[in-house]
Structure formats: structure tokens, C-alpha cells
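**Student:** Mind looking over this structure? Questions follow.
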Amino acid sequence: MNKQINSFNFFNLRNLLLILLSFIFIILSSITLITQRSNNMETLPYLNIYIVISSFFILALVVSISFIVFPIILRVRRKKISTLNSKFTLYFISIALTPAILLGIIGLVLIELGINDWFNDKIKNVINNSVFVAESYLEEHKETIKGDVYAMSNDLNNSSQVLIQDPAKLAIALRTQALIRSLPETYIINKDRDILFKAFDNNISFYEPALSSFDRADSGEMIIMSSTKVNKVYALIKLNNFDQYYLYAGRSMDGNVISALNDTVSAKNEYTFLEISRDKISLIFILLYVMVSLILILISIIIGIKFADRIVKPISSIITATNNISKGLYDDKIKKNNDYIELNRLADSFNKMSGDIIKQRNQIIVSKKYETWSDIARRIAHEIKNPLTPIQLSAERLEKKTMGLTGENKEINECIETIRRQVNEIGYLVDEFSSFARLPDPDLKNNNISAIMSKVVSDYENNNTNIKFINKLHSSRINIKIDNSQISRVFQNLIVNSIHSISESNKNDGEIIYSSCEIDDNIVISLIDNGVGLKYEKEDLIKPYFTTKKKVGGSGLGLAIVEKILFDHHADFILANRNDGEIGAEVKIIFGKTII
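To convert, count from 1 in the sequence shown and add 1138; that's the numbering used here.
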């Protein structure tokens, strides 16, 4: 059993760990896909990794769900599991599965339609045209500066013989050409990118051309360069009639247009990347959705099993307890160990019902017992009383004939007196038997039980001066439905027993404490003495004809009558030794609130 529990806990831990890791992967994947959009084709292999990992988690989730669902199906078929339990589990699976399937179908349709709309010809044309317009602007500036620089180089080359001889004239010519063609950044540089001549002395920073550009310029090619950082376009050409001189000029462009151009190109690259990898990205989103759905299904199954178990377990306990009661096992109780008020009420109701059954069963047993003893007492009283009367009459006749005689006849008188005394004792026993046999049903009326106790005590208090009666009755009036005469007889029998017990102890400081109180809506009458205590169990003491009195006169019916009366009053009768360390007996009578 322990192994099954441990494996079940481990299985739950494994499921929870799998769910946690799956959620972490889904969150990280979603963040990566959303924030790390790139036009770099090198990221395509990472999409394959996402697909593989997603497939692994999906497989693990399917296996976990199968390990839970298949055993349930097998146990249902073999009827080893509650139908209610299996239905709860299937309901939770259906609740998780139905919307997942519906949303999955809708999601797939929307994704497919959305992706097709993203990559249709109209959007492609818009993006391409936007890039074309932006690039045309840049090309226009390149062509313009290309023409201007080419014309400037021709003019300088044509005047090379004069300009080479006079550097001042070359500087003036360079400035003039720059003014004419609106090229504020015009330089003559060498291959080491040193500025030899500068058209204008301004604070514009010099944007150095790449070294590789000079090799291309040596071949007679004009090099056109653009910089989006400084929003300018540059042209580089070799002045053939000069010794290692290069004409280098630049012109500014509109920064907003260049920024728009960069954004357009970047958008086109991203669009191209998404178009190439759209199938894989769609597959990843589908796999992530399937993972989420499987996680919800797994959670629903676990919750369904737990919830069903919490519902079915108390009901199964009630079924088991009912079967036990049908087999005669009446002590089976249902524990309240769940959070559902209705099930707790059901358990309380069942426990109360089983308690009532036990009580009614005991009442039936006691009633049959008293009925049997009453029949025996009735027969004994009848059989003894018939010959008792002629014996008593014969004794009285003999007494009259021997009255006044002396000598040997005195012994005869003593024998006659003994016969009469024993006949009276037997008559007393017969009356006790008859009284026990003819106990009537109680006539229940509202009576002050404290007053009844006080009256009974006063009758015995005056005749037993060696015993101290201590009154601890409740000060307020306690009215309950009882039979006055029968309850008085109960108190009489109990007080008489206490008096006899104190007498047997030979104590001169005997005491009887009588009290009343209310505990949990019940009225408790208590009688405590400091006599010899109880030497037998309650079950023996309340048996009819069982007596502990050594002297003649004990019928053994006193406590039996007490219990019979209290049984008819539906009161509990507790008889035990004192629990305060003192020697003596303690009697408690508990009247239930139903009779108050």
C-alpha cells in the first residue's frame, strides 16, 4: 500500500514538473518569437530546434495523459472504480478538450487566413514599390553627384598644365568648381586619404573613403558612396592628368528620407525572412497551442481525479458503513475530513442515524430483558404468594393456642415468631417482585426535578443524623418532563444504597453530595457518597436479583428498577466509583434535551 502511495505521489510530482517546464518553454518561446524577429537567415536552424523541443514536450504530455487515462478506462471496464469517479474525470477532460478543439480549429483558420493575407501579391507590391521609391531617391542623388563630379574632373584635367605649376590657382579652381556645382564638401586627396586641397574651410568633418575604393578608381571607375549615418552621398574619381590626385566630393541628403529608406529596407528584409520561414513559424505556433491544450487537459484530469476522489470517498465510506450496519457492525462511524459542507452534513446525518439505530437496538434488547424479568417476577410472586397466606394464618392460629403457656411451650412460641417474621420477609420480597413486574409507563409532566430531589433527601436526612447531606442543586428552577412518583422512587433507591454503603464503611462522618447542573443542553443529576464504593461492574449491579447486601432484606431489584424507570424516561444512567481519589460511589443521571 505504501509503495502505491509513494509511486502515486512521485507520479504527481513528475506531472507537475512536466507542466512547469512546459509553461516555461512556452513563455520563453513566445518571448523569443515576438522580440527576436530577425532577417538573418542564420536564425532558421533555431526554428528547427524549437520544433524538435516542442514535439518532445507534446510527446511527454501525451504519454503522461495516457498513463492516467488508460488505467482509469481499464478499471472502469473491470468495475474496479466508482462510476461517479470516472464520470467526474471524463467531464473535466471534456471541459478542457472541447473548447481546446474548437479554439484550435478557429485559430488554425485565422492563422492560415492571416498568413495568406500577409503574403499576398498586393502587400508584396506595396513593400517592393516603397523600397523602389526610396532607392530611386538615393539613385537620383548618386546620378546627380556623379555628373557634377565627372564634369568637375574634366575641367580640372583640361587645365592640369597650368594648375600643376601653381597650387594657388588649383585651390581657386577647386573652390570655383565647388561653388558652381553646390558641392560644399570638395577635396583633392591622395591615396593615403590625406587632404591636399580643400574647397572651403568649414567645420564639416571629413568622411574618409574606404581604401579599396582607390584601387577601383585607379582603373578609371567613379566610386559612388552613401552614408546613412551622416545622410550624405560621396563620389571619388582619379584626376588622370595629376600625379596620384583624387577628386572627392560629397552632398547632403534629406535625413527623414534616408531614415525612411532604412526602415523600408529593414521591413522588406524582415518580410522576406518571414515569407521564407512562415511554414515553420506557423508550425511552432500550432505546436505551442497544442502544448497549452495538453497542459490544460492534464491539469483538468488531475483536478478531476482529486475532486472526484474528495466527492466519492465520503460516499464510499457511507456505503461501506451501511453494509457493515446490515451485517450487525453498528460502531462504524464516518469521519469528517473534507471541506464540503454538504458532505459533512451527510456524514453527520449518517452518524446520527447509526447512533439512533444503536440506541433503538439497545432499547429493544433492554425492553426484551425487562419483559423477560417482569414475567419471571410475576410468576415468582404468584407461586410464592399462594402458599404464603395459609402459612401465615396457621402461624397466627398456633400462636393463639399457645399464648400464655410456659416451659417447653415457650420454645414453640419462639418458633412461631420466627415463622411469622420470615413470612413477612418473604411477603416483602413478593411485593418487590410484583412492583418490578407491574412498573407502569411513566406519566410525563413538567416537574421541578430539584424540588423532587430535595423532598426525597429531607425524608432520609432526619432519620440519618450520622450522615451529612450536602446540597449543590442548581439555584434556578429546572423543569423537565418526568413522572414524579417514579423519579422519586429512583432517588429513594439511590439514597438508600448510599446509606447502606456508608453504614458498611462504619464511618461516623458519612456524607452524601447531591447536585444538578446543565451541560450541553442536558440536565445532569449527581449523587456522590463516601461509602465503600462499588465492588462490581454496573452491568452486574443492575441485574435483577443481584444484591451486595450481607444482611437479610436485599431483593436485588433496587438498581434494576432504577434503570428500568430511567430507561423509560430516555435518560442515561452512569454508575461508577468516585474519580476524585476519594473512596465512594458516584451516580449520574443525564436527562436529554429532547425531554426538557
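Every residue, glycine too, gets a C-beta built ideally from N, C-alpha and C.
Quick caveat: nothing in here was measured; it's all calculated off a predicted structure.
1) Nearest by alpha-carbon distance to ASP1330: which of ASP1401, VAL1662 and PHE1352 is it?
2) Let's test the definition: count the other Cβ atoms within 10 Å of the Cβ of ASP1381 and tell me whether it reaches 16, buried, or not, exposed.
3) Report the rounded CA-to-CA distance for ASN1292 versus ILE1310, giving the unit in angstroms.
4) Relative to the C-alpha of VAL1561, which candidate in ALA1589, ASN1584, SER1532 and LEU1582 has its C-alpha closest?
5) Skipping 5 residues on each side, what residues in its chain have a beta carbon closer than 8 Å to that of ASN1295?
6) Who are the near neighbours of VAL1725 in its chain, counting only those whose CB is closer than 6 Å to its CB and skipping five residues on each side?
7) Just verifying my parser: in three-state terms, what is the DSSP assignment at TYR1372?
8) In angstroms, rounded to a whole number, what distance separates the CA positions of CYS1655 and ASN1600?
9) Which word fits PRO1347, buried or exposed, when buried means at least 16 other C-beta atoms lie within 10 angstroms of its C-beta?
10) Whole angstroms are fine: how far does the CA of GLY1245 sit from the CA of ILE1342?
11) Candidates SER1623, LEU1385 and ILE1479: which alpha carbon is nearest HIS1707's?
12) Look at ILE1189 and LEU1432 and say whether their C-beta atoms are less than 8 Å apart.
13) Hey, would you say SER1750 sits closer than 8 Å to LYS1367, going by beta carbons?
14) May I ask which residues mark the beginning and end of the alpha helix (DSSP H) holding LYS1726?
15) State the DSSP-derived secondary structure class of GLY1671, mapped to helix, strand or coil.
16) When the Cα of ILE1657 is compared with those of SER1492, ILE1616, SER1626 and SER1641, which residue comes out closest?
17) Grouping DSSP H, G and I as helix and E and B as strand, with all else coil, what is TYR1427?
18) Per DSSP, which residues does SER1364 bridge with? Please list them.
19) Output needed for LYS1689: all residues of its chain with C-beta closer than 8 Å, excluding positions within five of it in sequence on either side, in chain order.
20) Residue range of the beta strand (DSSP E) that ASP1710 falls in?
21) Can you look up SER1298 in the DSSP assignment and give me helix, strand or coil?
22) Hey, would you say LEU1436 sits closer than 8 Å to LEU1197, going by beta carbons?
23) Can you give the Cα-Cα distance for SER1454 and SER1232, rounded to whole angstroms?
24) With DSSP as the reference, label ILE1345 as helix, strand or coil.
25) What does DSSP give as the partner residues of ALA1387 in its beta bridges?
26) Our contact map puts GLY1648 next to ILE1605 with C-beta atoms below 8 Å; I'd like the distance itself, whole angstroms only.
27) Cα separation between GLY1719 and PHE1607?
28) Report yes if the C-beta of ILE1191 is less than 7 Å from at least one heavy atom of the ligand ZN; otherwise report no.
29) Alpha helix (DSSP H) containing PHE1352: first to last residue?
30) Here's the rule: buried if 16 or more other CB atoms are within 10 angstroms of the residue's CB, otherwise exposed. What is ALA1485?
31) Out of ASN1585, ASN1584 and ASN1609, which has the shortest C-alpha to C-alpha gap to SER1596?
32) Have a look at SER1192, LEU1697, PHE1194 and LEU1228 and flag the residue whose alpha-carbon is nearest the alpha-carbon of PHE1208.
33) For ASN1717, which residues from the same chain have a beta carbon less than 8 Å from its beta carbon, with the 5 sequence-adjacent residues on both sides left out?
34) Is it the case that the Cβ atoms of SER1626 and ILE1650 are separated by a distance below 8 Å?
35) Going by DSSP, what residue range makes up the alpha helix (DSSP H) through ASN1622?
36) Decide if THR1402 is buried, meaning its Cβ has at least 16 other Cβ atoms within 10 Å, or exposed.
**Tutor:** Well, looking at it:
1) PHE1352
2) It is exposed - the Cβ of ASP1381 has fewer than 16 other Cβ atoms within 10 Å.
3) 16 Å
4) SER1532
5) The residues are LEU1377, ASN1378, ASN1379 and PHE1380.
6) For VAL1725, the CB contacts under 6 Å within the same chain, skipping 5 residues up- and downstream, are LEU1632, LEU1665 and LEU1713 in chain order.
7) strand
8) 26 Å
9) buried
10) Going by C-alpha positions, ILE1342 is about 57 Å away from GLY1245.
11) SER1623
12) no
13) Here the chain comprises residues numbered 1139 to 1734, so residue 1750 is not present and cannot be evaluated.
14) No alpha helix (DSSP H) holds LYS1726; the beta strand (DSSP E) holding it covers 1723–1729.
15) Assignment of GLY1671 by DSSP, reduced to helix, strand and coil, places it in the coil class.
16) ILE1616
17) helix
18) VAL1371
19) Residue placement at LYS1689 cannot be trusted, given a pLDDT of 49 that sits under 50; what the coordinates show is reported in the next sentence. Once the five neighbours on either side are set aside, LYS1689 has no close Cβ partner at all.
20) 1709–1715 is the extent of the beta strand (DSSP E) around ASP1710.
21) In the structure shown, SER1298 sits in a helix (DSSP, three-state: H, G or I).
22) no
23) 25 Å
24) Contrary to the premise, residue 1345 reads as Tyr rather than Ile in this sequence. Residue state, collapsed to three classes: coil.
25) According to DSSP, which records beta bridges pairwise, ALA1387 is partnered with THR1324 and ALA1373.
26) With 8 Å as the limit, GLY1648 and ILE1605 qualify as a contact, their Cβ atoms being about 4 Å apart.
27) 20 Å
28) The model depicted lacks the ligand ZN and carries no ligand whatsoever.
29) 1350–1356
30) Classification for ALA1485: buried.
31) Looking at ASN1585, ASN1584 and ASN1609, the one whose alpha-carbon comes closest to that of SER1596 is ASN1609.
32) LEU1228
33) GLU1724
34) Cβ atoms of SER1626 and ILE1650: not closer than 8 Å.
35) 1622–1643
36) buried
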